[in-house]
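K.L.:
Numbering (the numbering used here), first residue to last: 1 to 218. I'd like to ask you about the structure that follows.
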Ligand SMILES: [Zn+2]
């Protein structure tokens, strides 16, 4: 995935949903052993990686960074810790997440960000925004493309599809649209205010169906 994404205002996101250790470390004067044990849940490595990709560095505001992950224990739970050094300003970046009790096995040829529960890291507005970005990378037809390009397009489409599915997970069973209260980040709320109609179950299911159909052509 290219890191040319426009950055959503994810600090807002972070404040609303579990903070990064960068933030906590600043306040706790350098010790991150003393962090609270309630960490945000990252359902899969893919979800954690996407979340990290959207976070700005506390030093320079750029998001580009290579993170390494390790499994850690947090209280009685298992967690994952992602660490990296910002290539622009040298700040050390550290994020920790809880890991679900049951780890979702990666599927071949499909993208999965989580099981049935909605994301705790990214809100539905950000998911649909990200889905759009992935889908826009894919040309109308695979004609004339080499195998590597086709594979990249298939992955982008499968990611777009998975991100729409993530948006749908925020709709309660008895509802026909994502409730306004689900949009907790600045970017998510902006996306919702701009086109609230896109978050109806019918519209989202139509988009999901379209991407699934398109995938068969690739
Ligand atoms: Zn930086």
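Ideal placement from N, C-alpha and C gives every residue a C-beta, glycine not left out.
Report all residues from its chain with a CB closer than 8 Å to the CB of residue 143; omit the five preceding and five following residues, and keep chain order.
P.N.:
Here residue 143 refers to the residue found at position 143 when the chain shown is read from its first residue. Once the five neighbours on either side are set aside, residue 143 has no close Cβ partner at all.
K.L.:
Run the Cβ filter for me: residues under 5 Å from any heavy atom of ligand 1, listed in the order they occur in the chain.
P.N.:
57, 59, 60, 86, 88, 89 and 91
K.L.:
Helix or strand or just coil, what does DSSP make of residue 44?
P.N.:
For this step, residue 44 is matched to residue 44 along the chain shown. Reduced to three states, the DSSP call for residue 44 is coil.
K.L.:
Could you name the residues of the same chain whose beta carbon sits closer than 6 Å to that of residue 199, not counting the 5 residues immediately before and after it, in chain order?
P.N.:
Sequence index remark: in the chain shown, residue 199 carries index 199 (1-based). So the qualifying residues of the chain are 177 and 178.
K.L.:
Does the beta-carbon of residue 175 have 16 or more other beta-carbons within 10 angstroms, so that it is buried, or is it exposed?
P.N.:
For the purposes of this step, residue 175 is taken as residue 175 along the chain shown, with counting starting at 1. Exposed, because fewer than 16 other Cβ atoms sit within 10 Å of the Cβ of residue 175.
K.L.:
Less than 8 Å separating the beta-carbons of residue 44 and residue 113?
P.N.:
Position 44 of the chain shown, counting from 1, holds the residue named residue 44. Position 113 of the chain shown, counting from 1, holds the residue named residue 113. Contact flag set, yes.
K.L.:
Whose CA, out of 118, 151, 149 and 57, lies closest to the CA of residue 93?
P.N.:
Residue 93 sits at position 93 when you count from the first residue of the chain shown. Comparing Cα positions, the closest option is 57.
K.L.:
So which of 64, 89, 103 and 90 has the shortest CA-CA distance to residue 78?
P.N.:
To locate residue 78, count along the chain shown from 1; it is residue 78. Cα-wise, what sits closest to residue 78 is 103.
K.L.:
Applying the criterion that 16 or more other CB atoms from any shown protein chain within 10 Å of the CB defines a buried residue, is residue 167 buried or exposed?
P.N.:
Locating residue 167 in the chain shown gives position 167, where the first residue counts as 1. Counting Cβ neighbours within 10 Å, residue 167 comes out buried, since at least 16 surround it.
K.L.:
Three or more beta-carbon pairs under 8 Å between the region 82-92 and the region 106-126, yes or no?
P.N.:
no
K.L.:
Take the Cβ of residue 149 as the centre, count every other Cβ of all protein chains shown within 10 Å, and call the residue buried at 16 or more, exposed below.
P.N.:
As a working mapping, residue 149 is identified with position 149 in the chain shown. With fewer than 16 Cβ atoms within 10 Å of its Cβ, residue 149 is classed as exposed.
K.L.:
With 16 other CB atoms within 10 Å as the buried threshold, where does residue 47 fall?
P.N.:
Along the chain shown, read from residue 1 onward, the residue named residue 47 stands at position 47. Burial call: buried.
K.L.:
How about residue 164 and residue 207: do their beta carbons lie closer than 8 Å?
P.N.:
Working through the chain shown from its first residue, we reach residue 164 at position 164. Working through the chain shown from its first residue, we reach residue 207 at position 207. Residue 164 is a Cβ neighbour of residue 207, given a cutoff of 8 Å.
K.L.:
Determine whether the beta carbon atoms of residue 51 and residue 123 lie at a separation below 8 Å.
P.N.:
As a first step, residue 51 is located in the chain shown; it is residue number 51 there, counting from the start. As a first step, residue 123 is located in the chain shown; it is residue number 123 there, counting from the start. No. Outside cutoff.
K.L.:
Tell whether a beta-carbon distance below 8 Å holds between residue 203 and residue 197.
P.N.:
Counting from one through the chain shown, the residue named residue 203 turns up at place 203. Counting from one through the chain shown, the residue named residue 197 turns up at place 197. Against a cut-off of 8 Å, the Cβ pair of residue 197 and residue 203 comes out as a contact.
K.L.:
Could you compute how far the alpha carbon of residue 76 sits from the alpha carbon of residue 147?
P.N.:
Stepping through the chain shown from its first residue, residue 76 is reached at position 76. Stepping through the chain shown from its first residue, residue 147 is reached at position 147. Rounded to the nearest angstrom, the two C-alpha atoms are 46 Å apart.
K.L.:
Where residue 141 and residue 201 are concerned, what is the direct C-alpha to C-alpha distance, given to the nearest angstrom?
P.N.:
Start at 1 with the first residue of the chain shown, and residue 141 comes out as number 141. Start at 1 with the first residue of the chain shown, and residue 201 comes out as number 201. Looking at the two C-alpha atoms, the distance is approximately 28 Å.
K.L.:
For residue 129, which residues of its own chain have a beta-carbon under 6 Å away from its beta-carbon, when the five flanking residues on both sides are left out?
P.N.:
For this step, residue 129 is matched to residue 129 along the chain shown. If we look at residue 129 and ignore the five residues flanking it on each side, its Cβ neighbours are 191.
K.L.:
Let me make sure I understand the geometry here. Which of 117, 156, 180 and 67 has the alpha-carbon closest to that of residue 125?
P.N.:
Translated into positions along the chain shown, residue 125 becomes position 125. With distances taken between Cα atoms, residue 125 lies closest to 180.
K.L.:
Please classify residue 117: is it buried, with 16 or more other beta-carbons within 10 angstroms of its beta-carbon, or exposed?
P.N.:
Counting from one through the chain shown, the residue named residue 117 turns up at place 117. By the neighbour-count rule (16 or more Cβ atoms within 10 Å), residue 117 is not buried but exposed.
K.L.:
What separation, rounded to the nearest whole angstrom, lies between the Cα atoms of residue 188 and residue 64?
P.N.:
Walking along the chain shown from the start, residue 188 turns up at place 188. Walking along the chain shown from the start, residue 64 turns up at place 64. The alpha-carbon atoms of residue 188 and residue 64 are separated by roughly 21 Å.
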